[in-house]
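**Q** What follows is a single structure, and I will ask about it in a moment.
Residue numbers (UniProt numbering): 1 to 383.
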């Protein structure tokens with residue numbers, strides 16, 4: 001019997017072409033299986049990386065919190081160990097595996113936002129969150145004091161000697177249209193005694209000869225005239241509602257009736273404690289600015305003298321007037337007004353200071369200072 005042409009021994013055993021066509025199919029299955037195992041391995045490694053990184057983060061946070069609470073050494077060690085574990089796992093995955101390229105990509109992605117792949121970053125003493133927190137905490141209490149919002153004029157040795165001798169120094173410059181001036185003196189009293197008198201606005205009519213009456217107002221709308229505010233009730237002035245004390249910042253609005261001509265002047269006083277000396281800035285109320293007096297500003301400032309029992313008191317003034325006002329009037333007013341604004345303070349402060357030292361039954365008197373014929377009235381110790 002003749003065999004068919006296609007039934008040759010080679011056909012029964014399988015031709016080389018057929019064997020070659022079957023091998024790729026088998027290879028594809030093997031490759032697919034290996035890829036499946038590789039993916040599972042990478043997923044397992046990825047999960048292990050996340051677990052290690054999470055452990056490192058948790059331990060790092062524990063170290064930070066423990067450092068804040070005082071247990072710095074132990075918790076910082078735990079944080080470093082957790083970070084080292086996560087780094088070693090990332091490094092192993094980065095270098096190992098059949099498919100090194102894909103493993104490196106996964107390792108790089110897993111290490112984003114955490115500790116770097118290289119172990120050199122851990123061996124270096126890098127600052128931690130605890131260090132940053134401690135630095136911020138210490139810096140908050142070691143910051144230098146802010147400078148004063150004004151500059152004091154320099155005093156010559158002769159002027160300082162005159163102040164120590166009880167004299168009062170006064171200077172003014174360009175008091176024609178826009179001018180500045182100051183008065184400085186040493187008073188025999190402590191700084192708190194000086195501010196007790198300066199902040200006692202209710203006693204201004206008794207302490208300052210040119211002040212006839214005084215009315216205090218609320219300070220809810222500083223940019224508006226004082227007429228938009230409400231008068232403060234008498235109980236406020238008696239101290240039941242107010243806190244106008246030494247060392248306590250305050251803002252005060254008050255209207256004063258001055259001299260026999262009954263001039264109404266309203267001012268805003270801002271008192272601020274400061275390490276370099278307390279100060280109080282007073283500005284003219286918007287209701288008092290007009291075509292003649294454009295603006296006016298003054299500063300009371302206390303300064304230590306280096307002499308026990310004495311305080312240096314400054315009064316700085318700035319004024320801007322209209323061109324329609326003759327210059328000699330401005331200059332004359334400055335020479336008269338600046339002494340009157342300060343001559344009352346020394347006797348009042350020194351008398352108030354002596355009240356704390358006076359024995360029961362004793363009497364204290366003070367001499368009045370005059371400028372242009374006016375004398376300071378006697379101090380009323382009942383205030």
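Glycine included, every Cβ here is placed at the ideal spot set by N, Cα and C.
Under three-state DSSP, which class holds residue 161?
**A** Three-state DSSP puts residue 161 in a helix.
**Q** Pop quiz: residue 210 and residue 287 are said to be a contact at Cβ under 8 Å. What is the actual Cβ separation, rounded to whole angstroms?
**A** Actually they do not touch by this definition, with Cβ atoms about 20 Å apart.
**Q** Please classify residue 167: is it buried, with 16 or more other beta-carbons within 10 angstroms of its beta-carbon, or exposed?
**A** Exposed, by the Cβ-count rule.
**Q** With 16 other CB atoms within 10 Å as the buried threshold, where does residue 224 fall?
**A** Exposed is the call here.
**Q** By the three-class DSSP mapping on this structure, what secondary structure does residue 253 have?
**A** Three-state result, residue 253: strand.
**Q** With residue 200 as the anchor, note down where its alpha helix (DSSP H) starts and where it stops.
**A** Taken as a continuous stretch (DSSP letters only), residue 200 belongs to no alpha helix (DSSP H), as it is neither H nor E.
**Q** Go ahead and label residue 221 buried or exposed: buried means 16 or more other beta carbons lie within 10 angstroms of its beta carbon, across all protein chains shown.
**A** Exposed, since its Cβ has fewer than 16 Cβ neighbours within 10 Å.
**Q** For residue 98, which residues of its own chain have a beta-carbon under 6 Å away from its beta-carbon, when the five flanking residues on both sides are left out?
**A** Note on residue 98: pLDDT 44, under 50, position unreliable in the model; the coordinate value appears next. Around residue 98: no qualifying Cβ.
**Q** Give the DSSP bridge partners of residue 153, in chain order.
**A** In the DSSP output, where bridge partners are listed per residue, residue 153 has none listed.
**Q** In whole angstroms, give me the CA-to-CA distance for residue 247 and residue 196.
**A** Their backbone Cα atoms lie some 10 Å apart in a straight line.
**Q** Anyone know if the C-beta pair for residue 194 and residue 319 falls short of 8 Å?
**A** No, the Cβ-Cβ distance between residue 194 and residue 319 is not below 8 Å.
**Q** Over the uninterrupted beta strand (DSSP E) stretch that includes residue 232, give me the two end residues.
**A** Taken as a continuous stretch (DSSP letters only), residue 232 belongs to no beta strand (DSSP E), as it is neither H nor E.
**Q** Whole-angstrom Cβ separation of residue 249 and residue 273, contact assumed at under 8 Å?
**A** Confirmed, about 6 Å.
**Q** Which word fits residue 64, buried or exposed, when buried means at least 16 other C-beta atoms lie within 10 angstroms of its C-beta?
**A** With a pLDDT of only 44 at residue 64, under the threshold of 50, the placement of this residue in the model should not be trusted, and no figure is reported.
**Q** What's the gap between the Cα of residue 284 and the Cα of residue 163?
**A** Approximately 29 Å between the Cα atoms of the pair.
**Q** Provide the residue span of the beta strand (DSSP E) that contains residue 181, from first to last.
**A** 178-187 is the span of the beta strand (DSSP E), which, as asked, contains residue 181.
**Q** Would you kindly report the start and end of the unbroken beta strand (DSSP E) that includes residue 171?
**A** Run containing residue 171: 169-173, per the beta strand (DSSP E) assignment.
**Q** Can you give me the start and stop residues for the beta strand (DSSP E) that residue 283 sits inside?
**A** From DSSP, the beta strand (DSSP E) with residue 283 extends over 279-284.
**Q** Residue 307: buried (16+ other C-beta within 10 angstroms of its C-beta) or exposed?
**A** Exposed is the call here.
**Q** How far does the beta strand (DSSP E) with residue 261 in it reach, from first residue to last?
**A** Neither: residue 261 is in no beta strand (DSSP E) and is coded neither H nor E.
**Q** Any idea what DSSP makes of residue 295, helix, strand or coil?
**A** DSSP places residue 295 in strand when its eight states are reduced to three.
**Q** Which same chain residues end up closer than 6 Å to residue 281 when comparing Cβ atoms and leaving out the 5 residues on each side of it in sequence?
**A** Correct list, in chain order: 270, 299.
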